Every structure is written in structure tokens, then in C-alpha cells.
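Enquirer:
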Amino acid sequence: MSGDSDLVIEEAFRRAQKAHNNKAKLVASLKNRYNKLEDKTEFHEEFIRCLKYAMIIYTREPAVENVIDFVTKFAASFETPVNENAEEEEEEDENEFLNFLFNFLLESHGANSHAVRFRVCQLVNKLLGSLSENAQIDDDLCDRIHDAMLIRVTDKYPNVRIQAALAMSRLQDPSNFDCPTIKAYMLLLENDSNPEVRRAVLSCIAPSATTLHKIYKRTRDVKEKVRKLAYQVLAEKVHIRALSIAQRVSLLHEGLSDSADSVKEVVKTDLLPAWLHMQQGDVLQLLHRLDVENCAETAVTTLQAIFSMATSPDDLLQNGVRLDERKLIPVDSLTCENVLYWRALCEFVKNKGNEGEELLEQLLPEAAIFAEYLYSYLKSITQLSEEQRADMTQLEMVMTQEYIGQQLILLVGCLDISEEGGRKRMVAVLQDILLMPNTPTSLIGLLVEKLIGIVRDDAQKIQMVAEIISDVREPILPISEPVDENEKRRKQVKLAEVRVQIMEAKQTLEECISCQDFSRAAELKDSISQLEALKNQLFLEASQPADNIKEQRVEKSDPKTLLKCLTMCAELFKQMNIKRGICPTMNALIESLILPGVSNPNPAVRNMAVICLGTAALHSKDLANTHLVLLLQITQLDEPKIRISALRALIDQLLLNGLNILQDKPAPVSQDDSNGQPEHQAEEEGTIQSILKMLSEFLDSEVLHIHYIIGYTILELCHHYGLELEKRCIDVFLQTNQECVEESFLPTLRTLFNAPVTSPLSEVDASNVAELFVELTRPSALVKPAAVQAVSVHDSLAVRVCNEILRDISAPEVRVYCKTLSWLEINSEPGPANIMIIVTLISCVLQEVKDKHCIRIIEKLCNQLNGDSCSKSAGNQDTTLQNLDDNNGGQKKASTAKNGKKASKAELSSDESDDENVPEEPPSVRPSRRAKMAAVDKTKQDLTALMNQEANGS
Numbered sequence: 012m013s014g015d016s017d018l019v020i021e022e023a024f025r026r027a028q029k030a031h032n033n034k035a036k037l038v039a040s041l042k043n044r045y046n047k048l049e050d051k052t053e054f055h056e057e058f059i060r061c062l063k064y065a066m067i068i069y070t071r072e073p074a075v076e077n078v079i080d081f082v083t084k085f086a087a088s089f090e091t092p093v094n095e096n097a098e099e100e101e102e103e104d105e106n107e108f109l110n111f112l113f114n115f116l117l118e119s120h121g122a123n124s125h126a127v128r129f130r131v132c133q134l135v136n137k138l139l140g141s142l143s144e145n146a147q148i149d150d151d152l153c154d155r156i157h158d159a160m161l162i163r164v165t166d167k168y169p170n171v172r173i174q175a176a177l178a179m180s181r182l183q184d185p186s187n188f189d190c191p192t193i194k195a196y197m198l199l200l201e202n203d204s205n206p207e208v209r210r211a212v213l214s215c216i217a218p219s220a221t222t223l224h225k226i227y228k229r230t231r232d233v234k235e236k237v238r239k240l241a242y243q244v245l246a247e248k249v250h251i252r253a254l255s256i257a258q259r260v261s262l263l264h265e266g267l268s269d270s271a272d273s274v275k276e277v278v279k280t281d282l283l284p285a286w287l288h289m290q291q292g293d294v295l296q297l298l299h300r301l302d303v304e305n306c307a308e309t310a311v312t313t314l315q316a317i318f319s320m321a322t323s324p325d326d327l328l329q330n331g332v333r334l335d336e337r338k339l340i341p342v343d344s345l346t347c348e349n350v351l352y353w354r355a356l357c358e359f360v361k362n363k364g365n366e367g368e369e370l371l372e373q374l375l376p377e378a379a380i381f382a383e384y385l386y387s388y389l390k391s392i393t394q395l396s397e398e399q400r401a402d403m404t405q406l407e408m409v410m411t412q413e414y415i416g417q418q419l420i421l422l423v424g425c426l427d428i429s430e431e432g433g434r435k436r437m438v439a440v441l442q443d444i445l446l447m448p449n450t451p452t453s454l455i456g457l458l459v460e461k462l463i464g465i466v467r468d469d470a471q472k473i474q475m476v477a478e479i480i481s482d483v484r485e486p487i488l489p490i491s492e493p494v495d496e497n498e499k500r501r502k503q504v505k506l507a508e509v510r511v512q513i514m515e516a517k518q519t520l521e522e523c524i525s526c527q528d529f530s531r532a533a534e535l536k537d538s539i540s541q542l543e544a545l546k547n548q549l550f551l552e553a554s555q556p557a558d559n560i561k562e563q564r565v566e567k568s569d570p571k572t573l574l575k576c577l578t579m580c581a582e583l584f585k586q587m588n589i590k591r592g593i594c595p596t597m598n599a600l601i602e603s604l605i606l607p608g609v610s611n612p613n614p615a616v617r618n619m620a621v622i623c624l625g626t627a628a629l630h631s632k633d634l635a636n637t638h639l640v641l642l643l644q645i646t647q648l649d650e651p652k653i654r655i656s657a658l659r660a661l662i663d664q665l666l667l668n669g670l671n672i673l674q675d676k677p678a679p680v681s682q683d684d685s686n687g688q689p690e691h692q693a694e695e696e697g698t699i700q701s702i703l704k705m706l707s708e709f710l711d712s713e714v715l716h717i718h719y720i721i722g723y724t725i726l727e728l729c730h731h732y733g734l735e736l737e738k739r740c741i742d743v744f745l746q747t748n749q750e751c752v753e754e755s756f757l758p759t760l761r762t763l764f765n766a767p768v769t770s771p772l773s774e775v776d777a778s779n780v781a782e783l784f785v786e787l788t789r790p791s792a793l794v795k796p797a798a799v800q801a802v803s804v805h806d807s808l809a810v811r812v813c814n815e816i817l818r819d820i821s822a823p824e825v826r827v828y829c830k831t832l833s834w835l836e837i838n839s840e841p842g843p844a845n846i847m848i849i850v851t852l853i854s855c856v857l858q859e860v861k862d863k864h865c866i867r868i869i870e871k872l873c874n875q876l877n878g879d880s881c882s883k884s885a886g887n888q889d890t891t892l893q894n895l896d897d898n899n900g901g902q903k904k905a906s907t908a909k910n911g912k913k914a915s916k917a918e919l920s921s922d923e924s925d926d927e928n929v930p931e932e933p934p935s936v937r938p939s940r941r942a943k944m945a946a947v948d949k950t951k952q953d954l955t956a957l958m959n960q961e962a963n964g965s
């Protein structure tokens, strides 16, 4: 090639570095020069020579990025359209440069320089992205690109992995379950530690049945940007029908309650509008897709987000429910979706305060009208028998009715009850609903809550609920009283006599007619008529029930009635202020209803009674002390659900009244204050220790939920009573559960070792955790070391750790296990200790381990164990000298151990380094403004200097 041509290529690269130059003209000029050449070899070599200057720079300099874009456009200009009618030879000539460039990049992707690998993947990504949708590439070349990028997605540098992942976006096949690109993408999403890599994969992975779950899991990523992009991908590329109901609810619940405002905003502005668009803007249809009966709170939060995006009040009224002239939804048109929308909209408008008063008047009627509406619906709820409850269709219908009723009851809180007439009518209706026998038990608590919220006087609240409970438990029923048998017999005899008289009178009447005695016949006819009337009256009296009906109060003790009454009682105690105390009416409810319910054979009744007792105990410390033993017994003996309720009641007492709740007796006043105060303190210490020991014993329960409650309780107690209680909790646990700590040692370390890089556990130092376990179980640090010396936890840990090392000598965690062995306080006393077994296992470890650092640690441990056994078997005659030697030796050993520990840490850090000497950074000094500008100018790379230097050297 002539020198003139060389200047053209180099000059094109020089101009391409400047952003203001028109790259299209440069591409056209250079391509024109390329087409005129018969031998393209020298052009290819010169082009690659100029390109290499850009490929060795790793930083994203503007000049370098401009050159990369220029190369991409120039190479893409050689693409031949598929529909062009040309011969194969001409197509090959046109694609010659493109194939040449791809071959060069694929040969360079394994370079030692990470900058070259990065630029190769970047160019491949841009080249594939610049090709048209129907572009065709040789199959062999495509396979080579695919294989090279699969290697580069596992590169050490994140930027290389990002570009490789982006480059493979057009090489994936979502319909192929065994597509290697899809598998590589899913592996990166799960395991890559760099959030930018995960974001890059999310941006280019194709959603399918295989990848959807992986994309969904990224909405729970630890990084905010990854979660945000995952929601954007789901909004843009995934249809709502492709997600299960649980996934839809989870996305909305977690997205709208995310700690990052940007994620919440994406859910509001991207995900929700996209889902609404798929439902043609129908909000009720979207609610139907969420199954609002099982996720009411999430659905309300979703509706609040939709309402907040409305631009005007008319938008809220148009997209929602249709109200009639009474401002009510017709009963026949009530559904779970429209009643929830109605309730959420009313709550949203009411929270606006004075701004929403006018709109709220258009959404809700007066209190009296709504009260009649609520009563009519709740009265129509179907009652199912035990046989009908076996039919799932009927059961679902009733559950739907109860859900609608629940939402209507919640709407009571949005009504304007300032008007006296409407408020009284609402109170009367709520009372009537509570007295109805067909009112579902699931709605009782909510009804009582709304009733108590309307009534203002506390004494009136208690009296009203107590009267309702009394009427429900002892309703007025018609009672029949039996009639005297003699009276009944007398009426029957009289009726028979009348019938005989009628027969005789009729016979006499016939005789009078035959004798033509018409006056006598007329008298007999009147007499027969009177007897017939008397017979009919006696017959009616005889046919009526024999019992007299009277109204009388009858006490009901069936489980349904008791559960209904206890639910009202529990809600009453919850709503009342605990500072008010226990009034006589409440005390009567406890004695007559709650305490008998604790011993009821029905589990549901028993559980509700325990809840009532625990809630009532919060109002009075004396009541709590009286029934504390009963609650303790229930936590040990009853069914799991009831035990949990009793345990929650005890925990509430500890949080409210303190840890000295068991000290119901005042401490005796001593004449000597110096002696009395320590005794009182010792008694308090013993009480706290007993409570904490009692709580720790619950950890042995088979019910897993109890473990969660106890753990949460201890955290709450520590939060309330400070660090001193936390120390006591840990002390009690460690003194009584050393074996538990030992059992959890290896599982904990395995969890840390096997944690994926995306998990926060991967950032935890396993060596520090192992050292913590060793210190927590150190025999010399326990309160009673003599009691545990015979069976030391460290001896057992030594055996476990040695076996774990021998299980896989080449594992990377062997170093941590070897360091753990050096920290253990192994008992070398002869007798019951397993010193010989430990020495044998450590010798086996020493023979198998190949790592030099581990060998030094194990050798030191072997010498220490052998030296201790020899010194203890030899003995000395002089006791004083022996004590002095032991003391001096102990000090030296302690200092040696400390120095050895520091040295081992230094050796470990040096062994684990990357063999790079990193100089210590000097103290930073804030540069001046002129220095900053000079530094910025230096960072602006210019390839011209490098190209000139190469030209001068040649």
C-alpha cells in the first residue's frame, strides 16, 4: 500500500478521536478508499495497528470511546442486506472486512491484559448491536463468538463480564431450555458479586419460563439499583398473566414498602401503569388478578399508590365503583373488588382532611342510611350447617360474604358521625348486629371496635358491651310450661259428654218431626246449634299445645356462643385504656366468663379465654400476679396454639411490668440498711435469672413458632432494659447451653463458607466467627469451670474440627479450621479426657495437610500438647520452685501465644495476598484548584501522542 493510503487510515483515526467530527463522513471516505484497493491485506494490517492503540487503554476516556464507535460504524457499513440480489462472491467480498475484524477480536479475547479483553468484548458487543435485525453471520463465526463470550463472562474483571454479557444478548435462544447463554445469564444473576454485572444481565436476558423466576428473585437483591432495574424489566417485558398470584402480591408488597424511594417510584410509575394498561385501565380487573380476599392490606396499599397518581378528583370517581342515588353500591352488585376499592378510596380522601370533605360527601351517604344498609347486608349472610361446610363452593360463597361485610364495617370509620341522630342510629344498629345469632364470629371483634369508637364515655362503653354479652349469653327465649293432666282429662270428658248430648238431641228432633211437634223441634234445633258451638270450642282447646308459652332468660353454653362473648370481651379490654384499671363490671366478666372459659373442653374457646385473661392482666398488676401461675401452667401443658397465646400474655407482662413481676411481696425493711440492700439485690438477681432460665427452656420446644417468639422476646427485653440484661441473657444461655453452641459451630461455618457471593453472609469473616465460638465456650471463662472440666466443650470441638479437616484436605476452609485448633483450650489432664484421641487425630492431620501455614500451626499445637503431658507426668519435688516455674512459664507461654497469634495473622495475610507489594498511602492533602485542573487535563487520553511516538520509533 502506498504512503498516501497510510495517511488516510491514520488521519481517520486521529479525527475520530474528536467528538465534533462527523463520523459518517469519515466512514464513507475510508470505505471509498477501501473499495478502490485490490489487495486489502495491507489495509487490514494498518487498520488493526491503529486500533491496537485504543485497545490497550482500560479507562473510559472520551477519545478512546469515540474511536471504538468509529470502528464499529465502519465495520457495520460492510453489512450486506439479506434481500439484496447479489452473487455469493460479491457478498463474501463485502463481508471480508467484517469477518476479518471478528477473527482478530476472537484471537485477542484471551490476552493477558484486562484492558484488551475489555475492549474486545466491547467491540464485539457494539458490532453485534449495530447489525440489522435480519443480519446473517457465518455459523462457524457465530459459534466462535458464542464460545469466546462464554469464557469472558467468567473473567476476573467486572467490566469485562459486563461487556461479554451484553455481547451475548443476540446469541440467546429463550425457546431452548439447554441454551448455554441462558444458563450463563442465570448463573451470573445468582452468583456474581458485582451489582453492575447483575444489572447488565438483567437488561439483556430474555424473559421465559426458565428465566422468569431468576428475574423475579432480583427484586430482592441487596443493591437498590438491581432491584429497580428488575422491576423495570418486569414492567416492560413480562405480562401479568405470566406471574402467579403470589408473585404479583409479593412484587407489590415488597416494592411499595421498599426502603429505597427510587424502587417505590419505579413500582408506582412503571409497574402499576403497565399492569393497568394490560387490563385496559380497569382497576377492578387488576384487583381481581391479585385475589384481594387473601391480601387486603397489599391491595389497599396498591390502590393508595394508584390514587396518589391521579391528577384530578374526577379521575378517582370515573375509574372506580358506580354508586346509586343513595350513594351506595346496590347489594346485588357488591363484589370483593368494588367494595375494597370503595373503602380504600374513602380512606384516601378522608386522610386528605379538609381538602377531601367535598369529595367524601359524594362517596358516602349519611350515617343513618349507611347503618340500615349495613344491617340489611349482614342479616342476609348465609348460615351453613356442618354438612354444607363440607361443600367448598358454598363455603367460598360464605367467606366472600364475610369479606364484603368486613369491608363495609371498616367503612363506618369514614362516616361523619357528628350528627346526634345518625350516631345514635349507628350505635343501635351495631348493637342489633351483635345480638343477631347469624352474625359471623370473624366480624365480632371489628363490630365491637367500631361500636366502642363511636361511644365517647368509657363507663358507657363498658356497660354497653357487658349488656350485649349478657343478652347473647342469656337471651330471652319462649319457655313452655306443662298443663295439669287432670285438667286435660276433664276437658276430654266434657267434650265426649257434649257429643253424646248432640246425638241425643238429633234423635229427639227426628221423633218430634215425625210426630209433627214443630214447636218442640224448633227448640231442639236451637239447642243442637249451641251444643255444636260448645263442641267446636272444646275441640280447639284440646287441639292446642298442652304447654303454656312464657318468655324467660336461658343461659347458653355452646362453643359458638362462648366464643362470640369472649371475642367481644377481648376487644373491650384491648380498646380500653390500661391506666383505667379493672372496674367491677370488668371483674364480673372475668369471674363469670373468662376463668370458666380457660377450662372449657373446646380448644377455640380455651384459646380465646387465655387471650382475654392475658389482655385483662395488662390492666391490673394484682390480677396478673394472681393468675401468673395459671398462665405458666398453660404454657407447658395445653395445645401449641393455646401455649403460644399464654406465652404471649407472659411476655406482655414482662414488657409492661418489668422483670420483677414475680416479686409480688414487698421486700422486708431491715434495720441495717447495709445488709438489707444486698439481700434485696440478690433476690432481684435470682428472680431475673429464673425468668431468663424459664425463657431459655422454651427453646427446647418442638413448636418452631415458640422459638421465634422467645428470640423476639429476648431482643425486646434487651431493648427495653439495656445492655446489662443482654449480658445476663447471654450468660444464662451460655452457662446452660454449652452443648447447643458446640452443635451449632460447624453448621454455622459451613453456611458462611457455602454462602453465594450475592448474599450478605459472604462478607462475614469466618475466622472471626470461629474465634467468637471458641471464646464463648472457653472452659476457663465459665462461672463454674470445675464442673465442666471433666467434659470440656473444647475437647469435643477439637475432635469435630479434626474430622472436618480430614474430610477434605484440599478445601479452602482448612486454614480456618487449623487456626481454630490453635485457639482451643484442650484439656491435657490424664483420665477421662480424650487427649490421646485428639493427639492421634492431630497427627493424622499433620500428615495429610500440604499447606505450609497449616503445617506450622499443627506442629506448634502438637509440641504444645506433647510438652504439657510430659511436664505433668515428670513432676518436681520442690513445690515452691514448681509454682514459680509454672507462673513464669505461664507468662512466657501467654506472651508466646500472643506473639504467635500475631505472627500467624501476618503470615496468613501475606500468604493470601496477590504477591503484589502495595505501598502504604501517604496522608492525603487537599489539592488546590489549579492542581485539580492540571490533573483533569492529564487524565484526558490522546492517542495521537502514542501514534506519533510509534511512528518516530519506526
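Numbering-wise (the numbering used here), the sequence shown opens with residue 12 and increments by one.
Here a beta-carbon is modelled for each residue, glycine too, at the ideal position from N, C-alpha and C.
Computed from a predicted structure; not experimentally measured.
Hey, quick one: how far does the alpha helix (DSSP H) through L116 stretch, first residue to last?
Expert: From DSSP, the alpha helix (DSSP H) with L116 extends over E107 to S119.
Enquirer: For F359 and Q315, which I take to be in contact (beta-carbon distance under 8 Å), what is that distance rounded to the nearest angstrom?
Expert: 6 Å
Enquirer: May I have a chain-ordered list of the alpha helix (DSSP H) segments no shorter than 4 residues that lie completely inside the segment 224–299?
Expert: 235–248, 256–267, 272–277 and 283–289
Enquirer: Taking the CB atoms as reference points, tell me whether I392 and V350 lie closer together than 8 Å.
Expert: no
Enquirer: Say whether the segment 605–624 touches the segment 637–657, bearing in mind that this needs 3 or more beta-carbon pairs closer than 8 Å, one atom from each stretch.
Expert: yes
Enquirer: Looking only at its own chain, which residues have a Cβ that is under 7 Å from the Cβ of L757, when we skip the five neighbours before and after it?
Expert: R811 and E815
Enquirer: Have a look at D154, T165 and A217 and flag the residue whose alpha-carbon is nearest the alpha-carbon of S180.
Expert: A217
Enquirer: What residues are listed by DSSP as bridge partners for L488?
Expert: Q563
Enquirer: Output needed for E98: all residues of its chain with C-beta closer than 8 Å, excluding positions within five of it in sequence on either side, in chain order.
Expert: In this predicted model, E98 has a pLDDT of only 47, less than 50, meaning its place in the structure is not dependable; the value taken from the coordinates is given anyway. None.
Enquirer: State the DSSP-derived secondary structure class of Q394, mapped to helix, strand or coil.
Expert: coil
Enquirer: Going by alpha carbons, who is nearest to F764 out of Q749, V785, V714 and P823?
Expert: P823
Enquirer: Would you decide whether R172 is buried or exposed? Buried here means 16 or more other CB atoms lie within 10 Å of its CB.
Expert: buried
Enquirer: So L857 and I869 are supposed to be a Cβ contact under 8 Å. How far apart are they, rounded?
Expert: 5 Å
Enquirer: Give the single residue among C523, A477 and R259 whose Cα lies nearest to the Cα of C580.
Expert: Of the listed residues, the one whose Cα sits closest to C580 is A477.
Enquirer: My parser needs the alpha helix (DSSP H) runs of 4 or more residues fully inside the segment 463–526; what are they?
Expert: 469–484 and 496–525
Enquirer: Of the residues S770, Q291, T762 and E53, which one's Cα is nearest the Cα of V780?
Expert: The option with the nearest alpha carbon to V780 is T762.
Enquirer: Any chance the segment 593–604 sits against the segment 465–481, with 3 or more Cβ pairs inside 8 Å?
Expert: yes
Enquirer: I need the DSSP call for T851, collapsed to helix, strand or coil.
Expert: Here T851 sits in helix by DSSP.
Enquirer: So does D402 have its beta carbon nearer than 7 Å to some heavy atom of the ligand SAM?
Expert: You won't find the ligand SAM in this model; it holds no ligand whatsoever.
Enquirer: Can the beta-carbon of L422 be found closer than 8 Å to that of I444?
Expert: no
Enquirer: Quick check on E582: buried or exposed, where buried means 16 or more other Cβ atoms within 10 Å of its Cβ?
Expert: Counting other Cβ atoms within 10 Å of its Cβ, E582 reaches 16 or more and is therefore classed as buried.
Enquirer: Per the contact definition of three or more C-beta pairs closer than 8 Å, is the segment 527–545 in contact with the segment 565–579?
Expert: no
Enquirer: Tell me whether A657 is buried or exposed, calling it buried when 16 or more other Cβ atoms sit within 10 Å of its Cβ.
Expert: By the 16-neighbour rule on beta-carbons within 10 angstroms, A657 is buried.
Enquirer: Once DSSP output is grouped into helix, strand and coil, what is the label at Y414?
Expert: Reduced to three states, the DSSP call for Y414 is helix.
Enquirer: Suppose contacts are defined by Cβ-Cβ distances below 8 Å. Is R654 in contact with I645 by that definition?
Expert: yes
Enquirer: So does the segment 544–553 actually touch the segment 421–435, counting three or more Cβ pairs closer than 8 Å?
Expert: Verdict: no, contact absent.
Enquirer: Taking 8 Å as the cut-off, does the segment 263–274 touch the segment 298–314 (at least 3 CB pairs, one atom from each stretch)?
Expert: yes
Enquirer: Could you check how far apart the C-beta atoms of N106 and F89 are, in whole angstroms? I think they sit under 8 Å.
Expert: The Cβ separation is near 6 Å, so the contact holds.
Enquirer: Under a Cβ-count criterion, where at least 16 other Cβ atoms within 10 Å of its own Cβ denotes burial, should D675 be classed as buried or exposed?
Expert: Summary for D675: the model assigns pLDDT 49, below 50, so the residue's position carries little reliability; its value from the coordinates is reported in the next sentence. Exposed, by the Cβ-count rule.
Enquirer: Which parts of the segment 573–605 are runs of the alpha helix (DSSP H), unbroken and 4 residues or longer, counting only runs that do not cross its ends?
Expert: 595–600
Enquirer: Given S924, which residues of its chain have a CB within under 7 Å of its CB, disregarding the five upstream and five downstream residues?
Expert: No answer about S924 holds up, because its pLDDT of 35 lies below 50 and its placement is not dependable.
Enquirer: DSSP three-state label for C132, please.
Expert: helix
Enquirer: Helix, strand or coil, according to DSSP, for R222 in the structure here?
Expert: It is worth fixing the name first, because residue 222 is Thr in this sequence and not Arg. Per DSSP, reduced to three states, the secondary structure at T222 is coil, with no helix or strand assignment.
Enquirer: Is the segment 175–192 touching the segment 151–162 in the sense that three or more CB pairs, one from each, lie closer than 8 Å?
Expert: Cβ pair count under 8 Å is three or more, so yes.
Enquirer: Is the shortest distance between the beta-carbon of A628 and the beta-carbons of chain C less than 8 Å?
Expert: Among the chains in the structure shown there is no chain C, since it carries only a single protein chain.
Enquirer: Whole angstroms is fine: what's the gap from K42's alpha carbon to T52's?
Expert: Cα to Cα, K42 sits roughly 15 Å from T52.
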